[in-house]
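>
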């Protein structure tokens, strides 16, 4: 549950994120703090809440860190994955902050084999070619 309180020369909205950490954001006006607190509560109930700190992290930085964790792959598999990221994903999504891609928003993207990533804030106007491969079950996966 989010709350507001008088804080220095303004107002502060306080809430706990899904991980239980207390978060705060300051506002000049009480109504702005109330609106923000209400929006945070609704987003958490709907499952669309995005950590504000996550919004500052770019996809390119996250993907680089993620790729470094893939130590259990054969060298050829790691090279393939790195190539997909570099050639197909990064040109469109690399400079986008993770916040617009998180939660429900990521499921709303129109990603189809050979298709484009449409309506993504910060994405380039070019079409993102999405590589698809057959999984061991025979169904298509990205």
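In our numbering, the protein residues as written are 244 to 385.
Positions of the beta carbon are idealized from the N, C-alpha and C atoms, including for glycine.
#1: Are any of the Cβ atoms in chain D nearer than 8 Å to that of residue 289?
#2: Between 276, 253, 271, which lies nearest to residue 245 when the distance is taken from Cα to Cα?
#3: Take the Cβ of residue 309 as the centre, count every other Cβ of all protein chains shown within 10 Å, and call the residue buried at 16 or more, exposed below.
#4: Quick one: Cα of residue 320 to Cα of residue 333, how far?
#5: Report the start-end ranges of each alpha helix (DSSP H) in the region 255-289 that is 4 residues or longer and not cut off at the edges.
#6: If you reduce the DSSP assignment to three classes, tell me which class residue 318 lands in.
#7: Whole angstroms is fine: what's the gap from residue 288's alpha carbon to residue 315's?
#8: What are the start and end residues of the beta strand (DSSP E) that includes residue 247?
Short version:
#1: Although the question refers to chain D, the structure presented lacks it and comprises just one protein chain.
#2: Taking the chain shown and counting its residues from 1, one reaches residue 245 at position 2. Measuring from the Cα of residue 245, the nearest candidate turns out to be 276.
#3: As a working note, residue 309 is residue 66 in the chain shown. Exposed, by the Cβ-count rule.
#4: Residue 320 sits at position 77 when you count from the first residue of the chain shown. Residue 333 sits at position 90 when you count from the first residue of the chain shown. Answer to the nearest angstrom: the Cα atoms are 18 Å apart.
#5: 273-289
#6: For the purposes of this step, residue 318 is identified with residue 75 of the chain shown, where counting begins at 1. Correct three-state label for residue 318: helix.
#7: Numbered from 1 along the chain shown, position 45 holds the residue referred to as residue 288. Numbered from 1 along the chain shown, position 72 holds the residue referred to as residue 315. Going from the Cα of residue 288 to the Cα of residue 315 covers about 37 Å.
#8: Walking along the chain shown from the start, residue 247 turns up at place 4. Unbroken beta strand (DSSP E) run through residue 247: 246-250.
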